Amino acid sequence: MTSHSEALRPPQDPADIPHDDMANALRALAMDAVEKAKSGHPGMPMGMADVTTALFSRFVTLDPSRPDWPDRDRFILSAGHGSMLLYALNHLLGYADMGTEQLKSFRQLGAVTAGHPEHGHTLGVETTTGPLGQGLTTAVGMALAERMLNARFGDDLVDHRTWVIAGDGCLMEGISHEAIDLAGHLKLAKLTVLWDDNGISIDGSTALSTSTDQLARFAASGWKVLRVDGHAHHALIDAIAEARTSDRPVLIACRTTIGYGAPTKAGTEAVHGAPLGATEIEGARAALGWNYPPFEVPESVRASFAAIARRGREAREAWEKRLSASGRRADFEAAMEGDLPADFDEKLAAYKRELSQTAPKVATRKASEMALGVINRATDLTIGGSADLTHSNLTVTKGMESVTPGNYAGRYIHYGIREHAMAAVMNGLALHRGSIPYGGTFMVFSDYARGGMRLSALMGQRVVYVLTHDSIGLGEDGPTHQPIEHLAMLRATPNLYVFRPADAVETLEAWQLALHAEGTPSVLALSRQNLPTFRTEHSEENLVGYGAYVARKPRRRRDVTLLATGSEVEIAFKGADLLAERGVDAAVVSMPCWELFERQSHEYRRAVLGTAPRVAIEAAARLGWDRWIGERGRFIGMEGFGASGPAADLYRHFNITPEAVVDATCDLLTCA
């Protein structure tokens with residue numbers, strides 16, 4: 000069936016398009032910018048210029064005057080080191096921020112032409128790429144988002160494609176297998192990957208390190224595969240046209256020459272990551288028949304690229320007319336804006352009051368499931384999922400249907416045992432817009448998801464990571480599954496909220512904050528073991544929003560301050576009770592989110608922390624705690640890895656107990 004965007008494309012004879020001139024313009028701008036910067040990667044842009052020209056001249060639909068048009072095609076340069084290909088393309092297409100001076104400022108501080116493409120820094124960059132394989136996997140999320148929104152709003156409003164340029168390195172990275180397996184399984188037919196099959200990596204020939212038959216690998220994962228000469232214009236057009244008719248995702252292996260046109264360096268690793276040099280550039284200009292000074296492009300070529308932009312603008316205007324006439328316009332625009340319903344917080348407040356009244360004793364992973372039951376009824380923006388741990392993470396709620404191959408109307412994604420891909424796919428869902436993705440795994444496996452989580456933070460995407468089994472409290476599965484250093488690693492990541500709630504009320508408040516944090520991803524570190532609800536007096540305020548607060552005030556004076564997070568807040572309360580028997584008055588501070596506490600005023604932090612000696616309790620590594628406990632403070636936690644055994648036995652074995660709180664306090668004070 001012909002889509003709306005495809006129907007708008009005027010039939011063009013390939014002979015009418017000056018393909019060679021358009022491709023050579025991309026090559027020349029790339030090699031000139033890298034040369035001026037004395038830094039960069041000219042080889043891939045020069046090798047893939049023909050592929051890019053064929054793709055954009057006839058197939059890609061976008062409007063540079065409206066880079067955020069919802070129904071545009073998504074183009075992902077997964078091989079982000081070849082960023083000058085994208086910058087040269089966007090310059091010629093007419094993106095407002097990509098003037099010639101920006102090309103001349105490639106890789107310079109403050110320029111939009113960063114070394115690798117950065118989402119939010121440069122118009123027309125759909126996702127930050129550079130860590131190889133991330134772009135490909137994020138594109139899977141975008142393609143999935145398109146299908147899910149299409150299932151909800153129909154072809155009139157959602158009907159676009161996702162195109163990826165990937166290199167040998169992208170396909171070597173392990174995340175690529177997770178991505179292609181998931182995309183093939185889900186039959187994401189509007190996803191096409193154009194592989195820059197040039198056989199060269201930094202060290203030399205790819206034969207040094209791989210002999211994988213990539214076409215067989217993709218085919219085995221359920222993809223349609225095609226092979227084409229990446230410098231043969233007509234063959235490229237035919238292959239891309241064939242890809243558009245597939246009922247599966249498509250890999251087009253484009254056999255190219257890295258650094259195409261460079262007289263002595265083409266086809267070698269020498270052209271991968273270094274400027275060509277003046278002599279080589281002069282030879283390339285002669286070989287390509289490009290007789291223009293650096294950064295100069297003839298008007299005829301600019302006009303050809305302008306025609307691509309004009310075609311996209313016409314498609315966008317036609318889409319806007321359909322949107323205006325649609326009875327679903329308000330719902331669609333609300334989804335794309337990502338705004339929570341007006342009564343969302345009111346519904347959560349009512350549930351919080353209920354929690355304070357009933358005071359359930361449940362694991363915070365269970366409290367999260369309970370909160371999600373309310374959240375997922377209150378908004379249809381949330382898209383859940385898990386890396387094959389649904390009934391351990393407790394991330395599915397009543398009424399959520401699963402997304403399955405060819406059926407995208409559900410709100411729950413089974414990511415399989417693919418933590419890294421789950422993180423990157425959720426980034427794609429969030430970047431595409433139209434949903435708030437959350438996904439679960441055990442906290443220890445945040446190690447596997449780390450690359451995608453870091454990019455969530457770097458790009459400022461509202462992605463929620465539900466990380467359960469957050470300490471030695473998971474028990475018998477032992478040290479391989481017990482996170483120790485992970486809280487420190489996550490807290491060290493800029494622009495990432497790390498919530499470790501201590502009861503059902505804090506868990507709900509953490510979810511509320513995470514869903515409102517439009518420019519920041521969040522981690523919910525959740526317990527396996529049951530924890531009592533200590534917030535039995537309802538508070539209209541979201542106390543977790545302060546990052547830390549006094550959960551129990553001293554009765555007379557503050558002799559010591561006990562700081563704790565998550566499951567160890569209960570230990571702090573019990574320790575305070577034992578200290579009271581010795582005449583020691585303790586304040587108990589719950590610190591569910593260090594990042595939010597750091598944002599509070601100096602006066603507030605001083606009031607919470609107090610001036611008395613401090614003892615911190617957390618069943619994790621000490622790193623980071625010295626900031627809060629000071630030089631005189633004591634830390635009760637883990638000094639090494641965990642062990643296998645029942646949770647209660649482990650806490651005693653590692654001396655994370657109320658009695659240890661008393662001992663540490665008496666080490667600081669003179670106890671009766």
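Here numbering that gives the first Met the number 0 is used: the first residue of the sequence shown is 0, the next is one more, and so on.
Heads up, the beta-carbon is just placed ideally off N, CA and C, and yes, glycines get one too.
Remember, it's a predicted structure, so these values are computed and weren't measured experimentally.
Nearest-angstrom Cβ-Cβ length linking residue i and residue j, presumed shorter than 8 Å
i    : j    : result
L561 : G574 : 6 Å
P591 : L668 : At roughly 27 Å, the Cβ-Cβ gap does not stay under 8 Å, so P591 and L668 are not in contact.
P41  : L275 : 6 Å
F498 : V462 : At roughly 14 Å, the Cβ-Cβ gap does not stay under 8 Å, so F498 and V462 are not in contact.
I471 : A579 : With a Cβ gap of about 27 Å, I471 and A579 do not count as contacting.
G439 : H413 : 11 Å between Cβ atoms; not a contact.
M21  : T52  : 5 Å
G433 : M335 : 6 Å
L260 : A283 : Residue identity differs from the one stated: residue 260 is Gly in this sequence, not Leu. Yes, G260 and A283 are in contact; Cβ-Cβ is about 4 Å, under 8 Å.
R626 : F634 : Contact flag wrong, Cβ pair sits at about 12 Å.
P404 : H184 : 6 Å
G451 : H419 : 6 Å
E517 : N541 : Actually they do not touch by this definition, with Cβ atoms about 16 Å apart.
A150 : Y407 : 4 Å
Through-space distance from residue j to residue i, alpha-carbon basis
i    : j    : result
I655 : T394 : 29 Å
G337 : T381 : 10 Å
D96  : S526 : 47 Å
G109 : V660 : 50 Å
D662 : A571 : 13 Å
P63  : D72  : 12 Å
R310 : L214 : 33 Å
A269 : V33  : 14 Å
A78  : E597 : 37 Å
G134 : L76  : 7 Å
E145 : P340 : 22 Å
R216 : V249 : 12 Å
V157 : A333 : 14 Å
E5   : A219 : Low confidence applies here, because E5 scores a pLDDT of 46, under 50, leaving its location unreliable; read the following figure in that light. Taking the straight line joining both Cα atoms gives about 30 Å.
P657 : R551 : 16 Å
A678 : E313 : Lying outside 0 to 671, the shown extent of the chain, residue 678 is not represented and no answer is given.
L347 : Y447 : 32 Å
W194 : F331 : 34 Å
D666 : I616 : 15 Å
T532 : F653 : 25 Å
F732 : H230 : Missing from the structure shown is residue 732; the chain here goes from 0 to 671 and no further.
From the options, residue whose alpha carbon lies closest to that of residue i
i    : options                   : result
L102 : E117, E602, G119 and S82  : S82
R410 : K37, L143, G119 and L61   : L143
G641 : L85, E475, R26 and W162   : E475
Q356 : E536, Y650, G311 and S643 : E536
D584 : R604, E567 and R555       : R555
A547 : H601, D446 and A305       : H601
G93  : R160, I307, D155 and F152 : I307
V192 : I201, T211, L235 and S204 : L235
H442 : F331, R364, G140 and D202 : The amino acid occupying residue 442 in the given sequence is Met; His does not appear at that position. Considering only alpha carbons, the answer is R364.
V224 : N392, R243 and A386       : R243
N426 : R315, T205 and T519       : T519
V111 : K351, L131 and N89        : N89
D70  : G153, G46, L25 and T136   : G153
A503 : L577, I164, Q481 and A366 : A366
F444 : E400, L428, L430 and N392 : N392
G415 : L388, Y437, L430 and E172 : L388
C670 : D558, G639, V361 and A563 : D558
Coarse secondary structure for residue i, derived from DSSP in three states
i    : result
D584 : coil
G574 : helix
L193 : strand
V660 : helix
W627 : helix
S299 : helix
T162 : According to the sequence displayed, residue 162 carries Trp and not Thr. Strand, per DSSP.
A362 : strand
V111 : coil
V614 : strand
P17  : coil
S445 : helix
Y650 : helix
N494 : coil
Cβ-heavy atom distance, residue i to the ligand MN, below 8 Å
i    : result
W318 : As presented, the structure is devoid of all ligands, the ligand MN included, so that no description of it is given.
Any C-beta of chain D under 9 Å from that of residue i
i    : result
V157 : No chain D appears in the structure shown, which is made up of a single protein chain.
My parser needs the alpha helix (DSSP H) runs of 4 or more residues fully inside the segment 119 to 159; what are they? 133 to 152
Which ranges would you report for the alpha helix (DSSP H) in the segment 266 to 334 if only whole runs of at least 4 residues count? 277 to 287 and 298 to 324
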